[in-house]
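Everything on this sheet refers to the single structure shown next.
2 protein chains.
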Amino acid sequence: MQTVDKAVELLGFFSEAQQEFGLSELARTAGFDKASTRRLLLALIKHDYIEQNPATKAYRLGPGVLRLARVREISSPLISITTPLLNELVEQTGESAHFSLLSGERISSVDIVESPKSNRINFVLGEEGPLHATASGIVCLAYGGDALSSRLLRRKLPAYTEYTVTEKTQFADMLHAVRDSGHYINREQYEYDVCSIAAPVFSQTAQPLGAMAVAAPTSRFSKDRQKLILAAVTQAAATASRAMGFKSHTGNS
Amino acid sequence: MQTVDKAVELLGFFSEAQQEFGLSELARTAGFDKASTRRLLLALIKHDYIEQNPATKAYRLGPGVLRLARVREISSPLISITTPLLNELVEQTGESAHFSLLSGERISSVDIVESPKSNRINFVLGEEGPLHATASGIVCLAYGGDALSSRLLRRKLPAYTEYTVTEKTQFADMLHAVRDSGHYINREQYEYDVCSIAAPVFSQTAQPLGAMAVAAPTSRFSKDRQKLILAAVTQAAATASRAMGFKSHTGNS
DNA sequence: TCTGAGTGGTTCATTATTATCACCACCGGT
DNA sequence: ACCGGTGGTGATAATAATGAACCACTCAGA
Numbered sequence: 000m001q002t003v004d005k006a007v008e009l010l011g012f013f014s015e016a017q018q019e020f021g022l023s024e025l026a027r028t029a030g031f032d033k034a035s036t037r038r039l040l041l042a043l044i045k046h047d048y049i050e051q052n053p054a055t056k057a058y059r060l061g062p063g064v065l066r067l068a069r070v071r072e073i074s075s076p077l078i079s080i081t082t083p084l085l086n087e088l089v090e091q092t093g094e095s096a097h098f099s100l101l102s103g104e105r106i107s108s109v110d111i112v113e114s115p116k117s118n119r120i121n122f123v124l125g126e127e128g129p130l131h132a133t134a135s136g137i138v139c140l141a142y143g144g145d146a147l148s149s150r151l152l153r154r155k156l157p158a159y160t161e162y163t164v165t166e167k168t169q170f171a172d173m174l175h176a177v178r179d180s181g182h183y184i185n186r187e188q189y190e191y192d193v194c195s196i197a198a199p200v201f202s203q204t205a206q207p208l209g210a211m212a213v214a215a216p217t218s219r220f221s222k223d224r225q226k227l228i229l230a231a232v233t234q235a236a237a238t239a240s241r242a243m244g245f246k247s248h249t250g251n252s
Numbered sequence: 000m001q002t003v004d005k006a007v008e009l010l011g012f013f014s015e016a017q018q019e020f021g022l023s024e025l026a027r028t029a030g031f032d033k034a035s036t037r038r039l040l041l042a043l044i045k046h047d048y049i050e051q052n053p054a055t056k057a058y059r060l061g062p063g064v065l066r067l068a069r070v071r072e073i074s075s076p077l078i079s080i081t082t083p084l085l086n087e088l089v090e091q092t093g094e095s096a097h098f099s100l101l102s103g104e105r106i107s108s109v110d111i112v113e114s115p116k117s118n119r120i121n122f123v124l125g126e127e128g129p130l131h132a133t134a135s136g137i138v139c140l141a142y143g144g145d146a147l148s149s150r151l152l153r154r155k156l157p158a159y160t161e162y163t164v165t166e167k168t169q170f171a172d173m174l175h176a177v178r179d180s181g182h183y184i185n186r187e188q189y190e191y192d193v194c195s196i197a198a199p200v201f202s203q204t205a206q207p208l209g210a211m212a213v214a215a216p217t218s219r220f221s222k223d224r225q226k227l228i229l230a231a232v233t234q235a236a237a238t239a240s241r242a243m244g245f246k247s248h249t250g251n252s
């Protein structure tokens, strides 16, 4: 079903940052032929998962996706659980908080609550990030099983800043440390002046669904504040996991 | 792209009423081969639009759909507009209100606010209904263009109650009346003891996106209450259309 | 314990599909 | 007029999907 693969892959390119694509533009970013891309889009349009702006001829996500999300959210609530937890995190820490979903070999933010401070970290909803350079990605990777991490480590890890960990044995040690501590502290490994602390959120099946994280500018990332943020984030993530139906086997009965 | 068609068609079967499908069950309802169905599902699973319950082996919508809906809702808000309007409708009328999306030749509810009364009409989120027997469907059909209505009228229209309009010329007259009045009043044409009033919601491109509707038991559907409900529904739908960026050409400049 | 009917899942030869390239019409600047 | 960029289209070569038959398993009933 490579054809289906390609079609749903197209959906993945749309994000808050880029909500519309021209035909050629989308074909280029996806690496598909223009004619094929159009046929794929037509199939998606037929079911309202994509719609075309009749003025600009650009393609964007269609209203059909709303129905799917509503049904999913009823069958297993996620956003309705994370949003209040994120609000609480922002209140406790004063920093922007977000929940990201592990999706294949990428991670994408689906729920964001921003800090009221004027100097804050801003996230882009729906934007995908690399697993190996974000705090959320690293905690997912640590609990995501050998298959996922070894698949990722097979390729050369790109460095985004001078602090990005790309060396494989160092990376493996890091994942061990995450599994021991249950969290990860990212200090400017993806973007300069952005530090964040993430903790994993597990599903009923004990697989990492995603991660909750709080991000702060380096100037507000003192030892004391790290301690505060860490405590808040790990507690919020644990609460979320519990709400998802995850039963911890290490916790007190 | 019949393959993509089939894959996304599978997504359409999931609703609040049926959130999970076994493999054989889904293949049967879709009319596909079991092997093909599984391959399609695997492609969707790869991108987290479907996930498999590891205990029961049943398939359900995956977390990936949440991301899509969030991005869509940012690029053009819909649910966040309809929900407060529906709340207002319930407050004004005391009856259940819902917003449904026109999707192909079916209509499906994506936003529901239920009446506080114990005897109320209950809707199933994400459930698809026929265009020709529901108030929401009929108003969409009236404004959906000749192509849509003639395609639908080509087939024999199934009757759900003795009041369902299935005769083609009568149906055409009905659509004309809707276009004149801007609404439709359904009296037990889909389900006995359920009456509803719907008004269309238009997009920027003046196409019917869907409809807002209020539904009541026949016992609470007096002439006076119809008048009250009608006024509230048409106003709410007009407000929604305006929020979608629709510019009415019949209204006051 | 045997049987049958139902699961979910897999395989591979047959078959129908899709990819690709070249093309068209159009638009906005040179 | 031209160029480089759109969006969109169609025929054929190359590729992918299909589905009957199959396996392993579970459950219910005799």
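Chains A and B supply the protein sequences, listed in that same order.
Residue numbering for the first sequence follows numbering that gives the first Met the number 0, starting at 0 and increasing by one per position.
Residue numbering for the second sequence follows numbering that gives the first Met the number 0, starting at 0 and increasing by one per position.
Even for Gly, the Cβ is constructed at its ideal location relative to N, Cα and C.
In this text, all values refer to a predicted model and were calculated from it rather than measured experimentally.
Closer than 8 Å at the C-beta level to chain B, one finds these residues of the region 41-53 of chain A: Leu41, Ala42, Leu43, Lys45, His46, Asp47, Tyr48 and Pro53. Within chain B, the residues placing a beta-carbon under 8 Å from that of A/Glu8 are His46, ordered along the chain. The residue among B/Thr81, B/Ser102, B/Arg105 and B/Gly103 with its C-alpha nearest the C-alpha of B/Ala96 is B/Thr81. The shortest C-alpha to C-alpha distance from B/Ala68 to any of B/Tyr48, B/Leu84, B/Thr55 and B/Arg59 is the one to B/Tyr48.
Taking the beta carbon of A/Asp4 as reference, the chain B residues within 9 Å of it are Ala42, Lys45 and His46, listed in sequence order.
Per the coordinates, the alpha-carbon of B/Leu140 lies some 15 Å from the alpha-carbon of B/Ser202. The CB of B/Leu60 comes closer than 8 Å to the CB of Leu67, Val70, Arg71 and Ser74 in chain A, given here in chain order. For the pair B/Ala57 and B/Phe12, the CB atoms are not nearer than the 8 Å cut-off. In this structure, the CA atom of B/His46 is about 8 Å from the CA atom of A/Glu8.
As the crow flies, the alpha-carbon of A/Met173 is around 34 Å from that of A/Gly30.
DSSP places A/His182 in the coil class of the three-state scheme, outside both helix and strand. DSSP places B/Gly63 inside the alpha helix (DSSP H), whose first and last residues are Gly63 to Ser74.
Here B/Phe245 carries a coil assignment [DSSP, helix/strand/coil]. A direct Cα-to-Cα measurement between B/Ala239 and A/Ser221 gives close to 47 Å.
Residue pairing by DSSP places B/Pro207 opposite B/Phe201 in a beta bridge. With its beta carbon at least 8 Å from every one in chain B, A/Thr28 lies outside the interface.
Taking the Cα positions, B/His175 is about 12 Å away from B/Asp145. In the three-state DSSP reduction, B/Ala171 falls in the helix class (H, G or I). Around the beta carbon of A/Pro207, a 10 Å sphere encloses 16 or more other beta carbons of the protein chains shown; the residue is thus reported as buried.
Counting only Cβ-Cβ distances below 7 Å, A/Phe13 has contacts in chain B at Val70, in chain order. In this structure, A/Ala237 sits away from A/Ile196, with a CB-CB distance that is not shorter than 8 Å. Looking from the CA of B/Leu156, the closest CA among B/Ile137, B/Tyr142 and B/Val70 belongs to B/Ile137. In this structure, B/Glu15 sits near A/Ile73, with a CB-CB distance shorter than 8 Å.
Look at B/Gln18 here: in three-state DSSP terms it is coil, with no helix or strand label. Membership of A/Pro53 in any beta strand (DSSP E) is not indicated, and neither H nor E is assigned to it by DSSP. Rounded to the nearest angstrom, the gap between the Cα atoms of B/Ala198 and A/Gln188 is 53 Å.
In the displayed model, A/Val164 falls within coil according to three-state DSSP, outside both helix and strand. Contact of A/Ser240 with chain B by beta-carbon distance below 9 Å is absent, the smallest such distance being about 14 Å. A contact is defined here as three or more CB-CB pairs under 8 Å, and the region 159-174 of chain B fails this definition with respect to the region 106-120 of chain B.
Look at the region 83-109 of chain A: the residues with a C-beta under 8 Å from a C-beta of chain B are Leu100, Ser102, Gly103, Ser107 and Val109. Contacts with chain B at 8 Å (Cβ-Cβ) do not include A/Gly21. Spanning the alpha carbons of A/Glu94 and A/Asp32 requires a straight line of approximately 43 Å. By the criterion of a C-beta distance shorter than 6 Å, A/Tyr142 is surrounded in its chain by Pro199 and Pro207, once the five residues flanking it on both sides are discounted. Within chain A, the residues whose beta carbon sits less than 7 Å from that of B/Val64 are Val64, Leu67, Ala68 and Arg71, listed in sequence order. Per DSSP, B/Leu152 has no beta-bridge partner at all. With respect to chain B, the C-beta atom of A/Arg150 has no partner C-beta closer than 8 Å.
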